[in-house]
Structures are given as C-alpha cells and as structure tokens.
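Presented below is the structure to which this report refers.
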C-alpha cells in the first residue's frame with residue numbers, strides 16, 4: 004500500500020518549486036526510510052492482530068494506517084499543506100497512543116513503532132515548515 008501511494012503521489016514540479024526549510028533532506032532519503040518503517044509497521048500490526056484480533060490496539064493501528072495513506076495525496080496531489088499538517092499531527096498522536104497501549108502488552112510491537120514516531124515527529128516539523136514558508140497550498 005505504501006509503495007502504491009508513494010508511486011501515485013510522488014513529488015513533482017509543484018513540490019520542487021516550494022520553498023524548503025534548511026533541514027529538508029534530499030528526496031532519495033524518503034524511499035529507504037519508509038521501506039524500513041513499513042516493514043516495522045507491518046510486523047507490529049501483525050503482532051497485535053494475532054494477539055488481539057478486533058481489539059483497541061488493532062483499531063488504533065488501522066486508523067494510523069488510514070491517516071498515513073491519506074497524507075500523501077493531500078500534500079502532493081491536492082497541494083493542501085494545511086490539511087496535511089493536521090492529518091500528520093493526528094497520525095503522530097495515534098502512533099504515540101499505539102506505543103502507549105502496546106508497551107505493556109507487546110513490548111516489541113511498541114518498540115517497532117519508536118522509529119516511526121521519531122520520523123513522524125521530524126516529518127511533522129517539516130510539514131509545518133512547508134506550511135509556514137509557502138502558505139496553505141504552496142502557491
């Protein structure tokens with residue numbers, strides 16, 4: 004799913020024309036980082052699903068995946084930096100909630116989400132900086 008979303012909504016001319024913050028990484032960084040993160044997200048999701056099918060942690064995992072998949076089309080296709088920023092903040096909150104809920108139940112699932120939380124914290128700052136530097140739609 005992540006590969007499909009990334010392929011459909013890859014950065015284009017609009018993104019290239021945006022004013023970027025000084026801490027914006029080169030585009031080639033995102034593919035390897037997301038590949039590793041999606042592996043960790045998948046393993047964590049499988050672990051909580053196996054132990055608690057239909058439980059709260061599975062629902063939190065599913066909601067964060069929906070938010071994860073919604074962000075890219077909002078930012079790269081719809082050029083709605085403002086709405087994408089709101090989505091990424093809610094996504095970060097869901098990731099932190101997942102970690103908190105799984106910490107006592109399945110420590111490995113929680114630990115697998117720690118790099119995801121760190122990356123989303125960075126990505127949230129990046130998204131917020133794009134909003135500040137470029138306005139709502141970057142134009």
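Numbering (the numbering used here), first residue to last: 4 to 142. Every residue, glycine too, gets a C-beta built ideally from N, C-alpha and C.
What is the DSSP secondary structure of residue 108, reduced to helix, strand or coil? The three-state secondary structure of residue 108, taken from DSSP, is coil.
Beta carbon of residue 125 nearer than 9 angstroms to that of residue 43: By the CB criterion at 9 angstroms, residue 125 and residue 43 fall outside the cutoff.
On the three-state DSSP scale, how would you describe residue 21? DSSP places residue 21 outside both helix and strand once states are collapsed to three, so it counts as coil.
What's the C-alpha gap between residue 92 and residue 31? Looking at the two C-alpha atoms, the distance is approximately 24 angstroms.
The region 23-37 touching the region 96-112, judged by at least three CB pairs closer than 8 angstroms: The region 23-37 is not in contact with the region 96-112.
Quick one: grab the DSSP three-state call for residue 138. It is coil, neither helix nor strand.
Looking only at its chain, what residues have a beta carbon closer than 8 angstroms to the beta carbon of residue 127, apart from the 5 residues adjacent to it on each side? For residue 127, where only same-chain residues beyond five positions count, the Cβ hits under 8 angstroms are 88, 91, 92, 95.
What residue ranges within the region 53-109 form continuous alpha helix (DSSP H) runs of no fewer than 4 residues, ordered along the chain? Listed in chain order, they are 59-75, 84-105.
By a C-beta neighbour count over all protein chains shown, 10 Å radius and 16 as the cutoff for buried, is residue 77 buried or exposed? Counting Cβ neighbours within 10 Å, residue 77 comes out buried, since at least 16 surround it.
Can you tell which of 47, 130, 46, 100 has its C-alpha closest to the C-alpha of residue 86? Closest by alpha carbon: 130.
Residue 136: which of 82, 24, 58, 80 sits nearest, CA to CA? Ranking 82, 24, 58, 80 by Cα distance to residue 136 puts 24 first.
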